[in-house]
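Inspection log for the structure reproduced underneath, given as structure tokens.
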Amino acid sequence: MLDRYKNIFISFFLGFLSLIVQVICFREFLGTLDGNELITSLILGNWLFLVGVGSVLSAKFKVKIKNVIRNFQIYISIFPVAQLIFIRLIKAQVFQFADIGLGSAYFLILITLAPYCISIGTLLGLLTRVEQETSEGQDKKDSKAFINIYLADSLGSVFGGIAFYFFIADRLESIYVMCAISTTHILIMLLSGERKAIKYIMAMSAVIVTLSIVFSIEFKKHENMLVTGTSETAKVTNVLSPYGLFREVDDNKNRYFYENEVLVGTTVESRFIEESVHIPMSQHPEYKNVLLIFGGLSKAIDELKKYQDVSITYLERSKEIAHRIQKEKKKNLRVIVGDPRESIKGLREKFDVIISFAGDPINANINRYFTEEFFVLAKNVLRDDGIMTFSLGSSENVVENSMIEMGATVYSSARTAFKHLLVLPGSKLIFLASDFSLSLKIKDLIKEKGIQTKFLDERYLETQFSEVRINLMRNNFERSLIKNSDFRPTAYFFYVKKWLNLHESNLLLFMVFLILLILIVVRLVFKSEQTALSTTLLTTGFVNLGFEVVILMSYQIIYGDLFKKIGVLLSLFIAGFIPGLYLQSKREKKRKEEIIICDIILSLMMVSYVLMLNYIEANQKYLAYSSQEGVFYGFALIIGAIVGYQVSSIFERMKERNQDRVSRIYALDFLGASVGAVLTGIYLIPLVGLINTCYFFAVIKIISALYLYFREKEDKKETNEQIRSVGKEYLFQLKLALFFIAMLLIIASDTKTVVYQITTTQWFEMFVVLLVTCGFVFAIKPSLFKNAQIKWIYFIGMLPLAAFPLGRCYFKVPFFFCHVCPRPCLFGVVRFYLIPSIILMNLKSKFWCHNLCPIGRVQEIKCVTNTNVRMMRLLQSLWRCFGIVVLTIIVYFAVYHSSWNSITENDQNSFYYFLFNNAFEFSLYIVVIVILFVALSKFIKKPFCNSLCPVGALSDLILHEEKKHLEDEHEKELGIAT
Amino acid sequence: MKNESKNRNKITRRNFIKNTAIGVGGLGLTAYGLRSILIDNHRFLQIGFPNDASKEIWKWSREAEWWNRSGGMIRCLLCPHECHLRENDRGFCRTRVVKNGKLYTLAYENPCAVNIDPIEKKPLYHFLPGTTILSLATAGCNLRCLNCQNWDISQAKPDDVKNMEVKISEMVDFCVKKNIPSLAYTYSEPIAFYEYTKDASLEGRKKGIKNVLVTAGYINEMPAREIARVVDAANIDIKAFSEYTYKKLTGSRLEPVLTAIKAMKEEGMWIELTRLIVPNYSDDLADIRKMCRWIVETLGPGTPLHFSRFHPDHKLKNIAPTPDEIIERSYEIAMNEGLNFVYIGNMRVERGQSTICPKCKEEVIIRDGYTILKNEIRDGKCPCGEKIPGIWMG
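Chains as they are written, first to last, in the numbering used here: chain A, 201 to 1178; chain B, 894 to 1287.
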């Protein structure tokens, strides 16, 4: 193979194969975990994050890059099969088919994807560097190398998407696809490998291919038992569909149906099915024409058939399910395959009853069956005296707050279309909606119908659906709450809340994940000499992925049938890069204005997308289906093109060393995208809705354009020293940010308990002891304490010691009353040996205060950014008086309230009450004082340490004569001597 | 230059003293720190949540029973978890909180669910059949069952749900007024609202109302005996009969449950047992056989046993309902092991619905779901004269 095209060839197939792996992993994870948008965003976010991390790592490899590339090619040929088997086995063998919470899901996804994604990211970075080195000798245009690789990877992804959806999805089982991917990786390695390494590659290939095949065959043999837990005697039929693997398990009496290992239906008789069918059917004597939405695999059709001459129209999304129902050839049953929400629009006849078995609003797709728009659509096909029923999952006692909220938002949405609404506390919450007055006498009505049921006996109906109970339900749900709509899926949001409660998770882990990402990104941006360009790249990645999530979700909301089109939409996003990159590579002059214009166009695109959505929503009936779809594809393509154009322009303008530049560009793009995916899917869309999310993106891009316009001018003026100084300042800001994030986590009611639990575990305390022990060693030999990473470990490890008392002290005087605190935090627990340790360490040039104390470290801004020495000295001397003032006040109070007996517990104005009345709640006074001290540190050097800290004061007394010398030394160490 | 660097490397007397002080102090303090973590500190014993309750919830509190002081901590003795709690910590059950050095229950006269149910729904088939029962529950539970069907109240704190204020006297008076013969503490876990259950049972008993626990029986022996003296009947759910499966499914241990069942039986409480069969977890027929043997040997063959079909819920949404075959085979095993009254719940099959006299093999109670179609038991006896164990009307 010609060396010239080798890297492009590898990149193309890297894109091609990784996209297929990505889609398969998506499908597998959604089956293994709960398939809601939280998990989707988590998978996407983690994938991009890990690829970004890989890109950062690629800069670390400096020599023998070709060998490194070869090694990584070997890794990525091993991982796909291993990854798939791991995902499938872990559900059955480790979690025993139990759903897992957010934290476990997060770590599972991270661990599973890490090897493959990091390798992909690293390979991409390394290939770009090798391509640059190759092109340097030819036309000396290194941006072209970047564009070539980016283009080849994007093109590969597009073809990967097409290949998957047209040739692989419903033809080959995932395990065989993964085997084929491993083999293809090896073939590419053989084709692109160097002659001298060919024997080694061949040997490795033989091992990998054999292992993959052996594992796959063994796995397939025991798959039914391992993955679904079904007995060996049950008959299992597997069918591949565009939605994944459809599995039917027949145990001779009942059948169970799974889609990607998610139970989608059974033929087991249940009380819920009887309730959902017979309660609405009994409300009217002459119901004949029934519209059934989903639920065909259950016994619902059989139950309906108990009524004479009833004709059923059944709407089903899945061809496989529809096929099974059609096979039974039931009389008066019409099956319509397609997205039910779409199909309902095309129905011309009117129905007496609509029964929806959509399940809970676990994602935006299912949420569409609980929105006010859907209820209006349903009412259009309902007779005037018709009735509609749907249900929400809950136990019979609906008292949990998020469940009440979910029910209430659906209730108020249904009220927009129907005059009368009943909520029945059956096996699930059963909603009856109609324009005629509904009867509460459920038992009498069913008895009147004379239908034979197995579970709805008289006493059950009498007690379960008593008027008192029904009215209690009504009281629960009749409250003014935001309506659930297509573009503001509040029911889905409350479902997420309920889901988080179910798993006792909170969003802390997400917060940690986001903080981690933001820290890495901020570090990358500020480490760059061109912060404005880096910021633009970051926001572009963010908006691009965020918008991808928006477009996928809005497409799903309007048309529902996303599974078929997800590949097309994603491919179009990536395909858009190609003309963008191509156009940019043809431009001779690269101007900053072009990047700014791209930002503005992106911003305008977001606004026009909102307008387009509103227009399509309003005129959906009059517009041709293909033209509507075309608009979505157009948006995906144009956004992709602008992003491609802008990214390559930014690369061209970056003036850094090649290896840094490549890794930074990839990393910023991927990490920005990762934040975009997580933030949009988890917070933005559920909280503010789709429309406002688009506006948010538009604002972000406008801000980024303005920042680039003004900031780049300054970037040019700055000297190298100033840049270094900014670097120091950035490090300080990072410390400050971490300090306040820790405070926030401690103050926030959702996270306080978790932080407390983590910091008071034995392990954390052991970690603190280890830090203290090492602190002694460093104090004796300070030269060991030069490593920046060690300093960061100390800062982060010691942070809870300082932040917890400040954020949430039992009393309002942090650090002071620990000896009588009934529920000590970490500081309260370790203070017995920490305080003596500090004083001992301070014997050596106040080592603790200057190096280890987190409170001291967050007040170093003055030392870092000092510009006016005279002013500083003046303020410093004034500040010394502050300590004296505080001391005077304390003495005054001590004398004034000489006896604690004079302070009564019951007097609400007393000092005692002030101290104790909000025990464990955060004190606004303390938080404000902390902020004031930090703000003051901009003007006065370490205001707290130099005036109030008792430990520092004691050490100062001991080391009085050394003090001045120490301060100078410390400032020198920070790089800016006053 | 050379001299300078030499001087720098040379250790001064001051530095030597300082380094020695730091080194010796460091060693001592590290040892002290480790000791305080590993030996002095009892925090590794702690179970539960360090979480105070909102002010609103405290109005439904009273001092809890069954606790003592252990070191600087409070040790709850109600259930076998025996949570060690500090000030403001909340127990594993989510309802018991330490305040001002005392243990309080936050589940007192604040049920979140109150309904009138058929007694058969509990399920109790040998206890006043055909009557209704006033059922109530507060939030909280001391188990973590993966398959819980009432998880939204059992796996919640009283703070997370809509609480009603139902005074014990009001509740008992309501039963008397509406002619409801019994009160059930059910849905979540009555052990989590032990004090409310006990006080309501005492009050109910005074006015002729019977009391029923629907529980998993995860309670220490002494409190179990005490509650058994005021409660008339219980349906106890044996989730599995091996420690391993019990732990996996509920996060708790089996042995204390068996001890509590024995204790309750000894105190004279009427006991019916339930076994929910969860595929892949508790569907091992050998395990079921072992359990049946234990019931026959310990509680007697007259103890009713209800096999219940699992339906996907809570964290086991993707496990299919229990196959008919497993339930039916379990029924056969129980009968073969010598149990006289075996029932099948949550599904409709011919067997396991009616009460059959062990002597004449006639159906003495015929049921259609919760509806009693025929009841031929008089004075606790079958028409053939055989005594049918249970608590019967009249």
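Think of the CB as a built atom: it goes at the ideal place given N, C-alpha and C, for glycine as much as any other residue.
- When the alpha-carbon of residue 378 (chain A) is set against those of A:908, A:219, A:299 and A:531, the nearest one is in A:219.
- By the C-beta criterion, the segment 1118-1132 of chain B is judged to be in contact with the segment 1156-1172 of chain B, since at least 3 inter-stretch pairs fall below 8 Å.
- Chain A places a beta carbon closer than 9 Å to that of residue 925 (chain B), counting this residue as a contact.
- When only Cα atoms are considered, residue 631 (chain A) and residue 967 (chain A) end up about 54 Å apart.
- Residues of chain B whose Cβ lies closer than 8 Å to the Cβ of residue 1036 (chain A) are, in chain order, 918 and 922.
- The criterion of a C-beta distance shorter than 9 Å is satisfied by residue 506 (chain A) and residue 651 (chain A).
- Residue 1001 (chain B) is positioned such that its CB atom lies closer than 9 Å to that of residue 1089 (chain B).
- Distance check between residue 696 (chain A) and each of A:735, A:562, A:674 and A:574 places A:562 closest, using alpha-carbon atoms only.
- The CB of residue 670 (chain A) never comes closer than 7 Å to any CB in chain B; the least such distance is about 12 Å.
- Counting only Cβ-Cβ distances below 9 Å, residue 673 (chain A) has no contacts in chain B at all, with the closest Cβ about 11 Å away.
- Interface flag for residue 1023 (chain A) against chain B is set, since a Cβ pair is found closer than 9 Å.
- At the C-beta level, residue 1017 (chain A) and residue 1001 (chain A) stay beyond 9 Å of one another.
- In its own chain, leaving out the 5 sequence neighbours on each side, no residue places its CB closer than 7 Å to the CB of residue 641 (chain A).
- Counting along the chain, the unbroken alpha helix (DSSP H) around residue 1128 (chain A) starts and ends at 1124-1136.
- Residue contact with chain B for residue 1148 (chain A): absent (no Cβ-Cβ distance below 9 Å to any residue of chain B).
- In the three-state reduction of the DSSP assignment, residue 966 (chain B) falls in the strand class, which pools E and B.
- Residue 446 (chain A) carries a strand assignment under DSSP once its states are collapsed to helix, strand and coil.
- In chain order, 1216 and 1218 make up the part of chain B whose C-beta sits under 7 Å from the C-beta of residue 451 (chain A).
- In terms of Cβ geometry, residue 1046 (chain B) and residue 1028 (chain B) do not form a close pair [threshold 9 Å].
- Among the bridge pairs identified by DSSP, residue 1020 (chain B) is matched with B:1284.
- With contacts defined by Cβ atoms closer than 9 Å, residue 1113 (chain B) and residue 951 (chain B) do not form a contacting pair.
- By the Cβ neighbour-count rule, residue 1272 (chain B) is exposed, with fewer than 16 other Cβ atoms within 10 Å of its own.
- The alpha-carbon separation between residue 450 (chain A) and residue 476 (chain A) amounts to approximately 25 Å.
- For a Cβ distance threshold of 7 Å, residue set 657, 659 and 660 of chain A lies close to residue 1263 (chain B), ordered along the chain.
- Between the C-alpha atoms of residue 389 (chain A) and residue 274 (chain A) there is a straight-line separation of about 8 Å.
- Across the structure, residue 1048 (chain A) and residue 925 (chain B) are spaced so that their CA atoms are roughly 19 Å apart.
- Under the Cβ distance rule, residue 439 (chain A) does not count among the residues neighbouring chain B, no pair being separated by less than 9 Å.
- Comparing alpha-carbon positions, the option among A:508, A:1008, A:480 and A:551 lying closest to residue 514 (chain A) turns out to be A:551.
- In the structure shown, the three-state DSSP call for residue 523 (chain A) is helix.
- Under the 9 Å criterion on CB atoms, residue 1240 (chain B) is classed as interfacial with respect to chain A.
- Taking a contact to require three or more Cβ pairs closer than 8 Å, the segment 309-324 of chain A and the segment 824-842 of chain A do not qualify as touching.
- At least one C-beta of chain B is nearer than 9 Å to the C-beta of residue 973 (chain A).
- In this structure, residue 241 (chain A) and residue 774 (chain A) do not form a Cβ contact; the two beta carbons are roughly 19 Å apart against a cut-off of 8 Å.
- Rounded to the nearest whole angstrom, the C-alpha separation of residue 673 (chain A) and residue 545 (chain A) is 32 Å.
- If one requires a minimum length of 4 residues, the alpha helix (DSSP H) runs lying completely within the segment 248-305 of chain A are 265-289, in chain order.
- Along the segment 465-498 of chain A, the positions whose C-beta sits under 8 Å from a C-beta of chain B are 466, 468, 469 and 470, read in chain order.
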